[in-house]
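Sequences listed follow chains W and Y, in order. Counting in this note's numbering, the first sequence runs from 120 upward without gaps. Counting in this note's numbering, the second sequence runs from 51 upward without gaps. The C-beta atom is built at its ideal place from N, Cα and C for all residues, glycine as well.
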Amino acid sequence: MNSLDFSIVVQAWPYLWSGLLFSLALTAVAFVVGLVLGTCLALVQHFELPVIGRLVRGYVALMRSIPLILVLFWFFFLVPIVLGHLSGNGRPVPIGATWTAFITFGLFEAAYYSEIIRVGLRAVNRGQFEACQALALSTFDTYRSVILPQVLRVASPIILSQTIILFQDTSLVYVLSLTDLLGAASKLAQLNGRLVEMYLVIAVVYLAISSAASQCVASLRKRYAIAGR
Amino acid sequence: MLQLAAGNKMGPSASIVTVENLEKRFGHFTALSDVNLTVAAGEKIVLCGPSGSGKSTLIRCINHIEKHDAGRIVVDGVELTGRMEDINGVRREVGMVFQSFNLFPHLSVVENCMLAPMKVRGLSRAEAHERAIGLLRKVRIHDQANKYPGQLSGGQQQRVAIARALCMQPKIMLFDEPTSALDPEMVKEVLDTMVELAKDGMTMVCVTHEMGFAREIADRVVFMDRGCIVEEADPETFFRAPRTERARDFLGQIIH
Ligand SMILES: Nc1ncnc2c1ncn2[C@@H]1O[C@H](COP(=O)(O)OP(=O)(O)O)[C@@H](O)[C@H]1O
Ligand SMILES: [Mg+2]
């Protein structure tokens, strides 16, 4: 076996870089969309709204029981058909692999984040709600200024774990023929036969990004530990 | 409109709270039955009675944290009927202090006091800040204004909770055993704050078993048992010569 040769990685760096950017962009969009939508889904369940409450519960259960890779497939074929129906003429409207990836990841992650937020909402002390009532705060202000900030703080470590999983899951976009960091490394490795170097380097990249994110949350938690219970 | 007019006509000594034939049930359990109570402007009432007698439930009905099942509650001329508009109208004028403080842990002391005046009363940040600092000074805790509730002692937290309620400039303050969760050495600082508030003329309904406090400020002691008001008297009379057997038993227990 040849000795390791990392010069190959340097040459390949621009391609790996573009893969990494795609992974990060997909993670960021899915994080924002997922967290905002997930919070809404959690609130709908929390308020026990009669019909949509059950629909949302069904949606969350469905998403959580199906592998992401399958959902990607379905969305790639289904979303164009649904859009076609909505647009009226019934012909499928292709949206392309990139849009499919962003939409699917956002909707999929929303189910996971909503479950985290829903549990967090249940953990908030009843006295917090009563204090808001006694101060005549509206329901909107109660959740926006008092309840959700506490939930997000308490849940931030779990939200982070989920987001790291999300970042790693971005590699599944290969089924849509998109290229993320892992995909870029695999393709290059196959071309130049330097599998070990490639996979070593991207493992380090994954590790660096994940631990940077963990550090970030750890320092946030430290601040909040001082700032309240 | 009718209620508003009536509210204005009644003048300063009119009642701020009127409770008539109040009933409250939890499932099949009747927590309050046929409770009647009026609180005049400026009046201080101490509510006492055994645990589970319905004291908390009664004052929580007054700001509609609990919804009553029958009877009437009129606060400052507005009847609580279940309309959100009326409920919030009443809550704006009624301050409440809880046994467990219920401060917002993610907000600093001064932010705790600023939130509702800004969101509900529409004060600017600067106005809310000025008012909050003024009232924190009044409860002698303004030097802790930028700390978080978790960094304060229980007595300090309860004084912040009092200031937070006062920042809404309520017409009446409800206290639900404000000193019961405190270590003994902190009870006094909270009671002193409440006495000062009483001397400023605030209308108050206090659930408490602190007899010294009741003697000092109460105009009336209301004794409850098993969901009913059993006895009402001025504090001297109530503590010296309770009329009912149940009140005598109760007083025997809290004096040890
Ligand atoms: N949310 C509730 N659900 C069921 N029962 C309740 C609830 N709140 C209070 N109760 C019952 O109502 C009675 C009166 O309670 P409470 O007003 O808290 O008494 P107090 O404040 O005088 O100790 C108690 O028997 C209590 O168990
Ligand atoms: Mg009680």
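Check	Outcome
Cβ separation of W:D288 and W:L187, assumed to be a contact under 8 Å, to the nearest whole Å	6 Å
Residue interval of the beta strand (DSSP E) (run including Y:L82)	79 to 90
Members of the segment 264 to 275 of chain W near chain Y, C-beta cut-off 7 Å	S264, V265, P268, Q269, R272
DSSP-derived helix/strand/coil call for W:V336	helix
CA-to-CA distance, Y:S158 to W:L174, given in whole angstroms	39 Å
Check whether Y:V144 and Y:C111 have beta carbons under 9 Å apart	no
Sub-9 Å separation of Y:T229 and Y:T253 beta-carbons	no
Inter-residue spacing [alpha-carbon to alpha-carbon] between Y:R187 and Y:E180	11 Å
Three-way DSSP call (helix, strand, coil) for Y:K74 in this model	strand
Cutoff 9 Å: Y:P155 Cβ touching any chain W Cβ	yes
Shell residues, 5 Å Cβ cut-off relative to heavy atoms of ligand 1	Y:F76, Y:A81, Y:S101, Y:G102, Y:S103, Y:G104, Y:K105, Y:S106, Y:T107
Expected contact under 8 Å - CB spacing of Y:I96 and Y:V271 to nearest Å	With the sequence shown as reference, residue 96 of chain Y is identified as Val, and Ile is not the correct amino acid for it. That pair is a contact at about 5 Å.
Helix, strand or coil at W:C97 according to DSSP, with G and I counted as helix	As displayed, chain W neither begins before 120 nor continues past 348, which places residue 97 of chain W out of reach and without an answer.
Proximal chain Y residues relative to W:Q247, where beta-carbon distance stays under 8 Å	N152, F154
Contacts that W:L256 makes with chain Y (C-beta to C-beta distance below 8 Å)	L165, A166, K169, V170
Amino acids of chain Y, ordered along the chain, whose beta-carbon sits closer than 8 Å to that of W:Q309	Here the premise fails: no neighbours, minimum Cβ distance about 51 Å.
Pair within 9 Å by beta-carbon distance, Y:L202 and Y:V189	no
Runs of alpha helix (DSSP H) lying entirely within the segment 229 to 298 of chain Y, each at least 4 residues, in chain order	234 to 249, 261 to 267, 285 to 290
W:L297: first and last residue of the uninterrupted alpha helix (DSSP H) it sits in	No alpha helix (DSSP H) holds W:L297; DSSP gives it neither H nor E.
Contact test: Y:V85 Cβ vs ligand 3 heavy atom, cutoff 8 Å	Absent from the structure shown: ligand 3. Ligands present: ligand 1 and ligand 2.
Closest by C-alpha distance to Y:G302, when choosing among Y:V85, Y:I109, Y:P100	Y:P100
Alpha-carbon to alpha-carbon, Y:N71 and Y:Q53	With a pLDDT of only 42 at Y:Q53, under 50, the local geometry of the prediction cannot be trusted, and the value read off the model is given with reservation. Roughly 19 Å between the two C-alpha positions.
C-beta neighbour in chain Y for W:N244, strict 9 Å	yes
Classification of W:N244 by the beta-carbon crowding that lies within 10 angstroms, buried from 16 upward	exposed
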